[in-house]
Amino acid sequence: MINRYPDILRQVLKPARYTGNELNSVIKDPSQVKVNFALAMPDVYEVGMSNLGLKILYEALNRQPDIAAERVYAPWVDMEAAMRERKIPLFALESSRPIKELDLLGFTLQYELSYTNILNMLDLSGIPLLTSDRDLSHPFVVAGGPCAYNPEPMAEFLDFLILGEAEETIVEVSQAVAAWKEAGRPDGRQGLLKMAALIPSVYVPSFYRVTYKTDGTVQQVTPTCPEASPVIYKRIIEDLDQVAFPTKPVLPYLEIVHDRIMLELFRGCTRGCRFCQAGIIYRPVRERRLETLLKQAQELVDHTGYNEMSLVSLSSADYSRLRELVSALSERYKDQHVSVSLPSLRIDSFCIQLAQELQKVRKSGLTFAPEAGTQRLRDVINKGVTEQNLEDAVGAAFRAGWSAVKLYFMIGLPTETDEDIQGIAELAYSVKKLYMQITGRRDIKITISVASFVPKPHTPFQWYGQISLAEMERRQKLLRSSIRDRSITLNWHDAPVSMIEGVFSRGDRRLGNVILTAWRNGAKFDGWSEHYKHDVWEQAFREVGLDPAFYASRNRELNEVLPWDHLSAGEDKDFLIREYHCALSAECTPDCRRGSCSACGVCPTLGTKIVDWGNAEHE
Amino acid sequence: MSKLRLKITKGEELRFISHLDYVRAITRAVRRAKLPAAYSEGFNPHMKVAFASALAVGVTSDAEYMDLDMEEQIEPSEVIARLNAVLPPGIQVREAGYVDERAAALMAVVDQTDYQIMIPVTGAFSVADAQMSLTRFAEMEKVVYVRHSPKGKRFIDLKQYIAHPLEMENTPQTVQLSLSIKMTSGGSVKPSEILDVLVSDFGFPVQSQTALIHRTALWAAADGKQVSPLALEQP
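In structure tokens form, the structure reads like this:
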């Protein structure tokens, strides 16, 4: 790439996005390799390179001597224009080979607004967009990640999907492709898809027929061949101490979004916030042992030279041996100038003590997520946080010297009233008052970030209709008018973007046509506000003849067949229904990790259990 | 505290990374090599490194110079071996030596840099036209280049930065220009700017966008002579 197109690389922004050659990237001898796998993120290099899941899969695949995994990301619009003009096909970073020549192209589906970029990358690769148009000369296009739990809007574009943690499945799938190739590709693409469908957690959308009722809801999803199971269950890694972790990750030259060591403490979160999809799909909680983490941390420091380490998990502060881990890491690395940080703080004073220990000098700012403005609404969403918790945590932070806090909220949560919106403003004002009481000063900075709630599949709110665009905007305005203070800054998520996200997160297969139409009319990088074109999306819905409100703002009946009912993270639908009712009556459900089991069904369905090394030391 | 001066390459693999990215790649390698580098005090300690000059994106080099403050003296040969074992492809340490702790900053001592520009020739290339273009450029007393930046336009006389006349060599496939550029406290010019002007104002018969630029040397002045920055002020 570098010497073939210096003129192009000279013109584009951040050419290092396209030139590879990073330390720890794996380049294999093609003659030793049976299967070539391109791991893709439908977003720019800096976003793709920050994804821990892709790093893990790169490691899992490249550990196999006869599998080569390479990386590919969405070229930014300037590079895309140059590639289209010169007819340069999308290529893999390691070998510079055209993606079209590889055996598999795997996308991570992190958010719905990246779907048009998938079509764009397929098009740039010269791969037909529809699975039905592909032949033996084309790679299999596969996907995984959180949106794989309802990939129906993308069903026509993806040959198959992998549900859940894929480090084992992706190797099995690659081995199936190797065997199929060696056998002379029996029965063509169908032959491989049937082999793949027999691997647990693999979903082949084309093996299911979806019928609809006259009211537009799904009537039935039926497997059309014996290889396709009626329900696909996710897979998980039961013992995280035994699974490969990338302690020699590819080290980018460019500054990426998460440009630091990521030490993964555990998977899963059982706090049970009712809006949260991650809280269901990654269940149950499985911790790594302290010893494993210390060993991995050392290897990561040795192999990267990073001077920052982030302790990542869905709620890292819940790691049972966090105090010991933090002391050991700070002790070991303070002379090596490696700083340790916790990305997500629980709202309590324990976390403030820890944060204080971690950031000995710099008091940049602390982030908390109360999510809702009143106790009633926090009970509805099962966010087990009281006003007192917040006051204690923020108070401890102010006494320790912090003078900036960021608070995350959502608007449009089920049962929300104007009182709850005003509660957000009141909470912000009470934080300010507390600061002045404790410090006697007024130099506080409060940043309030407000997202519009998007109901997600596999959550207790999957039946709930999202509020309309006009209503989102009215509530945003209401909040804006309740905050008149120069020390409080208000940030928004764009309401139209949240609505489109709402459509696709709970969409069905008919929406594939909308994505295709929008892409043809110029939609791409929809997650980037400067590229998001709402009129293109509105036009696409009109052209295809589908109503976005049917998907986004309609309340579903509890007995309705949902487009994702045949895909399972292991949870019982009855549990979600129970939680939905508890939400409406503002009843809390305790964390199942150390409290009582709330019978979500995941452990028995998957035949697994919670792994917690807790010694209750800090409780 | 000791000041170690290193001569480092920036190879083909890293042609398109920025100076900042290049610096970061080296400081990470220093950490991987577990060298006793010195850090600044303060909230956010950073490794004490200083470079002679920032190389433009798209340019490779045989001669980047960097000063690294060390908490303890380690044999230069050992530093070279330990760094080269962990540096990414495209970066190699060629030489290293301690300089006086109070030695003037690299940026202040370098005063000239040499480049080679390789350009693939297209069908219409004529050696005579190319020579003619270089001769006309050499004969001009002043050649003004307009540099556009976010701050506005600047008019720069390129000739005041030309240290030696440009030299050309060619093969059937490529033409190669050698040039020496003065670096002054008031600034300098980029080799790409000289090439742009040669092509646009002097009819040099190549396409400047396809040029591959490579820095071959960086010089400091000592007693009226040009020497390597590593040959200066040995302690």
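Chains as they are written, first to last, in numbering that gives the first Met the number 0: chain X, 0 to 618; chain G, 0 to 234.
Cβ coordinates follow ideal geometry from the N, Cα and C atoms, glycine included.
Residue from the options whose Cα sits closest to the Cα of residue i
i: X:K233; options: X:L289, X:C146 and X:L389; result: X:C146
i: X:S314; options: X:P562, X:E578, X:R270 and X:L104; result: X:R270
i: G:A62; options: G:V196, G:W218, G:A230 and G:L86; result: G:W218
i: X:A450; options: X:E425, X:R16, X:L292 and X:W491; result: X:W491
i: X:S113; options: X:G144, X:G400, X:F139 and X:M409; result: X:G144
i: X:I499; options: X:K532, X:R508 and X:T488; result: X:K532
i: X:I437; options: X:R398, X:Q475 and X:E470; result: X:R398
i: X:I198; options: X:F206, X:A182, X:G183 and X:I169; result: X:I169
i: X:S329; options: X:L293, X:I346, X:F452 and X:V284; result: X:L293
i: X:M78; options: X:T107, X:H257, X:N119 and X:K54; result: X:N119
i: X:P150; options: X:H565, X:C599, X:E578 and X:I609; result: X:H565
i: X:Y407; options: X:L365, X:G400 and X:V379; result: X:L365
i: X:K180; options: X:K33, X:I410 and X:K608; result: X:K33
Which residues DSSP lists as bridging residue i, in chain order
i: G:M139; result: G:M139 is not bridged to any residue.
i: X:A68; result: X:F36
i: X:R266; result: X:R285
i: X:E111; result: DSSP output for X:E111 lists no bridge partner at all.
i: G:W218; result: G:Q111
i: G:E166; result: G:S177
i: G:D68; result: G:K2
i: X:A142; result: X:F106 and X:L160
i: G:T59; result: G:H213
i: X:S124; result: Bridge partners of X:S124: none, in fact.
i: X:L489; result: X:I447
i: X:L561; result: Partner(s): none; X:L561 has no beta bridge.
i: G:G186; result: G:T183
i: G:Y21; result: Answer is none; G:Y21 lacks a bridge partner.
i: G:Q130; result: None, per the DSSP bridge assignment.
Range covered by the beta strand (DSSP E) that runs through residue i
i: X:L38; result: V34 to M40
i: G:S177; result: T173 to K181
i: X:Q538; result: Segment H533 to V543 is the alpha helix (DSSP H) holding X:Q538; no beta strand (DSSP E) there.
i: X:M308; result: E307 to V311
i: G:R93; result: V92 to V98
i: G:A49; result: V48 to F50
i: X:Y57; result: Here X:Y57 belongs to no beta strand (DSSP E); instead the alpha helix (DSSP H) covers L51 to N61.
i: G:Q225; result: K224 to V226
Boundaries of the alpha helix (DSSP H) in which residue i is found, first to last residue
i: X:K431; result: D417 to T438
i: G:S191; result: P190 to F201
i: X:S340; result: Element bounds for X:S340: not the alpha helix (DSSP H) but the beta strand (DSSP E), S338 to S340.
i: X:P603; result: V601 to L605
i: X:I445; result: Unbroken run through X:I445 is the beta strand (DSSP E), K444 to S451; no alpha helix (DSSP H).
i: X:P547; result: P547 to A551
i: G:D156; result: Counting along the chain, G:D156 falls outside any alpha helix (DSSP H), though it belongs to the beta strand (DSSP E) covering G151 to D156.
i: X:I279; result: A277 to I280
i: X:Q10; result: P5 to Q10
Partner residues on chain G for residue i, Cβ-Cβ distance less than 8 angstroms
i: X:E21; result: P87
i: X:I1; result: E11, E12, R14 and F15
i: X:D442; result: The contacting residues do not exist; X:D442 stays about 18 angstroms from chain G at best.
i: X:T607; result: Residues of chain G passing the Cβ test: none, with the nearest at roughly 38 angstroms.
Neighbouring residues, chain X, relative to residue i (Cβ below 8 angstroms)
i: G:G57; result: P5, L8, R9 and P14
i: G:P44; result: H336
Amino acids of chain X, ordered along the chain, whose beta-carbon sits closer than 7 angstroms to that of residue i
i: G:A53; result: The premise fails here: G:A53 is roughly 15 angstroms from chain X at the closest Cβ pair, so nothing lies under 7 angstroms.
i: G:T209; result: P5 and D6
i: G:Y38; result: H336
i: G:A24; result: Y252
Chain-ordered chain C contacts of residue i [CB-CB under 7 angstroms]
i: G:I16; result: In the structure shown, chain C cannot be found, because the protein chains are X and G.
Closer than 9 angstroms at the beta carbon, the chain X residues around residue i
i: G:D20; result: A15, P251, Y252, L253 and E254
i: G:A49; result: Here the premise fails: no neighbours, minimum Cβ distance about 18 angstroms.
7 angstroms Cβ cut-off: residues of chain G touching residue i
i: X:D301; result: R31
i: X:T18; result: F15
Contact list for residue i against chain G, beta-carbon separation under 9 angstroms
i: X:Y305; result: R27 and R30
Checklist entry - Does the segment 44-62 of chain X come close enough to the segment 243-252 of chain X that 3 or more CB-CB pairs lie under 8 angstroms? => result yes
Item to check | the segment 592-606 of chain X in contact with the segment 553-571 of chain X per 3-pair CB rule at 8 angstroms | outcome: yes
Checklist entry - For the 8 angstroms Cβ check, are there 3 or more pairs between the segment 438-445 of chain X and the segment 414-425 of chain X? => result no
Checklist entry - Touching or not, the segment 206-226 of chain X and the segment 3-12 of chain X, by the rule of three or more beta carbon pairs under 8 angstroms? => result no
Item to check | Any 3 or more C-beta pairs closer than 8 angstroms across the segment 119-139 of chain G and the segment 159-171 of chain G | outcome: yes
Next on the checklist: Check whether the segment 144-154 of chain G and the segment 187-198 of chain G touch, using three or more Cβ-Cβ pairs below 8 angstroms as the test.
Outcome noted: yes
Item to check | Three or more C-beta pairs below 8 angstroms linking the segment 82-94 of chain X and the segment 267-286 of chain X | outcome: no
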